[in-house]
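What follows is a single structure, written as structure tokens, with notes after it.
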């Protein structure tokens, strides 16, 4: 089934839900007015529909492969990537001084949503480059910026990030990769990295690796880690790809999904690299890239959910099975199928609005320097990442359910969305790590950012009572309950917070989703938006009560279980 880019959905959310229009009132984003925004959304929609979506199925059936040390991408991927690069899409949010457009991250997030829905395997390549661009803009010296940024922005070269090692996993501080000074300002990088997305390929002329490694005087743990730029081909004096660096692809991972994306085991054997940022400051630099990627991965989940939903909706409108209330109509007339489709659409809207609101907060903070907006962006990032990717998995699973037994058959095409989406809750810090970040670092301000946001939600609900009294009352009550549990979290030891972190994050997302649905209903009180908001607020929001009850249970009962208890049958 053809993918249709939801351009009108972004237009509506920007205009009525997340306050995107205020960005054009700032000096930094003065160019991001309605005409430019509309042109970007329309252009990205065409790219997603006409160029990327036709590659999705083939990329799944003809995976990337390693042949005699050379990575070959699926047929059409090189041409698809070229269209992305030549269209300037990699530099949408990059600084103009390096060839970027300098447009808002919120707009870039909408573009990434459409690209992910069209072909997640291919979209991963520009996403990694965008993250590397941001890391270099913030941390690299002028020489590295001048050499690498224009080529990454243009898409001539692509970027990766190399964190994970076989023995370390998410414990980055346990890495063993080493960096030895060579005496000429460069370093010899040695070590092995796993799960390196688009670590090598044949779609661009060079691959630029950001690699975490430890200098000889680096202390154990994360405080002793530095970040290095290690190109596949070492640039010559004119900045052209030159001598092959001492690195190689050991193997490609055999994965559940995203088969078209080459996920590499990388070996660095004294490869030449250059320090990015300060010695032993690698984690700060890498977190810049990771935070960019966390929002990007969150919207990947939403994009895949959109594509899966569209596929299921088309099937439900055509498939006839059983007697419906209208006789022998299509299965969309069955109450349970209608429930699945309605809840899928409501979930997608909520998760998408959370991600776009996070993008607006990032942009507003950068444009104004307002600490409250910067704190809002930090608070929303783990929620956008974790909830967006959870919803990607859940909606794609429900989409498969709409197909019934046919969905379990690969030829129907529904299973690919679920397989592709399943990596996203693991990428860029598992969703458990995101939840612990939310109740840990993001509440270290005494809960100020969270409480400020909850107050806004309650105030908005109060204002909506005249128009939508029942929905407004439910949203206000849910926000107040979340406030109470947030206060409980602030009074607990950290491990008790961690034990309830995942349900707390999901409950927060439920309240945010209801808030954004209510805003949508206010914009169209008699239309489809209000009816969809009613589905979310009446059918999905009540889940927050059980989630928050779980969130405040603490850790004692979990640790009372022994390993033997868990094994008992």
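Numbering (our numbering), first residue to last: 53 to 621. All residues carry an ideal CB built from backbone N, CA and C; glycine is no exception. In this text the structure is predicted, and so the values were computed from the model without any measurement.
Collapsed DSSP secondary structure at residue i in the structure displayed
i	result
residue 181	helix
residue 560	helix
residue 80	coil
residue 622	Nothing can be reported for residue 622: it is not among the residues displayed for the chain, which extend from 53 to 621.
residue 294	strand
residue 374	coil
residue 379	strand
residue 57	coil
residue 632	There is no way to answer for residue 632, as the model of the chain reaches only from 53 to 621.
residue 593	coil
residue 299	strand
residue 114	coil
residue 288	coil
residue 223	coil
residue 620	coil
residue 216	coil
residue 486	helix
residue 103	helix
Beta carbon of residue i nearer than 9 Å to that of residue j
i	j	result
residue 282	residue 316	no
residue 210	residue 204	yes
residue 535	residue 395	no
residue 593	residue 527	yes
residue 185	residue 146	yes
residue 506	residue 414	no
residue 473	residue 363	no
residue 227	residue 264	yes
residue 169	residue 58	yes
residue 351	residue 440	yes
residue 202	residue 154	no
residue 449	residue 470	yes
residue 411	residue 156	yes
residue 426	residue 417	yes
residue 241	residue 217	no
residue 225	residue 272	yes
Contacts around residue i, its chain only, beta-carbon distance under 7 Å, and the 5 residues preceding and following it disregarded
i	result
residue 130	254 and 255
residue 588	398, 402, 565, 566 and 569
residue 127	110 and 114
residue 343	433
residue 576	582
According to DSSP, residues forming a beta bridge with residue i
i	result
residue 260	211 and 283
residue 633	One cannot answer for residue 633 here, as it falls past the ends of the chain, which runs 53 to 621.
residue 119	122
residue 304	316
residue 249	315
residue 278	265
Residues near residue i in its chain [Cβ-Cβ closer than 6 Å; skip 5 each side]
i	result
residue 509	531 and 567
residue 108	171
residue 555	599, 602 and 603
residue 173	111, 310, 312 and 313
Cβ neighbours of residue i in the same chain (closer than 8 Å, five flanking residues each side left out)
i	result
residue 370	382
residue 610	551
residue 121	300 and 301
Residue i CB to nearest heavy atom of the ligand SAM below 8 Å
i	result
residue 215	Absence of the ligand SAM from the depicted structure is noted, as is the absence of any ligand whatsoever, leaving it without description.
9 Å Cβ cutoff, residue i in contact with chain D
i	result
residue 128	Among the chains of the structure shown, chain D does not appear; only one protein chain is present.
Threshold first: 3 residues or longer. Then list the beta strand (DSSP E) segments lying entirely within the stretch 308 to 338, N to C. When DSSP assignments are scanned along the stretch 308 to 338, the uninterrupted stretches of beta strand (DSSP E) that are 3 or more residues long and fall wholly within it turn out to be 315 to 328.
Whole runs of the alpha helix (DSSP H) within the stretch 414 to 467, excluding any shorter than 4 residues: With a minimum length of 4 residues, the continuous alpha helix (DSSP H) runs that stay inside the stretch 414 to 467 are 423 to 455.
Run through the stretch 136 to 185 for me and flag every whole beta strand (DSSP E) of 3 or more residues, listed as ranges in chain order. The stretch 136 to 185 contains no whole beta strand (DSSP E) run of 3 or more residues.
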